[in-house]
Amino acid sequence: MLKGRKGSRVTVFRKVYDPISRLKKPEIVAGSAKDVPGEPILGNKNARLQTLLPTDDRFDLAVNIFTYDPGATLPFVETHIMEYGLKMLSGQGICRLEESYYPVKAGDVMWMAAYCPQWFVAMGTEKASYIYCKDVNRLP
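Per numbering that gives the first Met the number 0, the sequence shown starts with residue 0, numbered consecutively.
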């Protein structure tokens, strides 16, 4: 059992589980993001990804935290085949969706449609991070 401390935050993502008959239902996962190391994205130590859920086929949802040092960016515009939601946890930046650019800051929430080209750059003097979720391991 995890015990919260003063100043702790909880984020809940709810979705209906999409089972696959040949796979056992996954176990409940609980933990703290501070216990999950951030891995550099494409060798860039200034942009790190924390993978919060197991990635095997039993899981139909990815929940990750992306952290950028000031000035760090996604190295390219990316597009996903699934819808994609995120909440800014800290800092600020510019998010590109389709051909428009939007300033975002801690507390902002975004939902992106499937096949929406997207990109992010951290702005300001502090690290920018967001937690995101998307369907995985199932057909969209």
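Every residue, glycine too, gets a C-beta built ideally from N, C-alpha and C. Every value quoted in this text rests on a predicted model; they were computed, and no experiment measured them.
- In the DSSP secondary-structure assignment, residue 47 is bridged to 39 and 66.
- Bounds of the beta strand (DSSP E) holding residue 95 are 91-96.
- Ranked by Cα distance from residue 106, the first of 35, 19, 127 and 97 is 127.
- For the set 124, 51 and 73, the Cα lying nearest the Cα of residue 28 is the one of 51.
- Assignment of residue 5 by DSSP, reduced to helix, strand and coil, places it in the coil class.
- Annotation: the continuous beta strand (DSSP E) that includes residue 127 extends over 127-134.
- The three-state reading of DSSP puts residue 33 in helix, counting H, G and I together.
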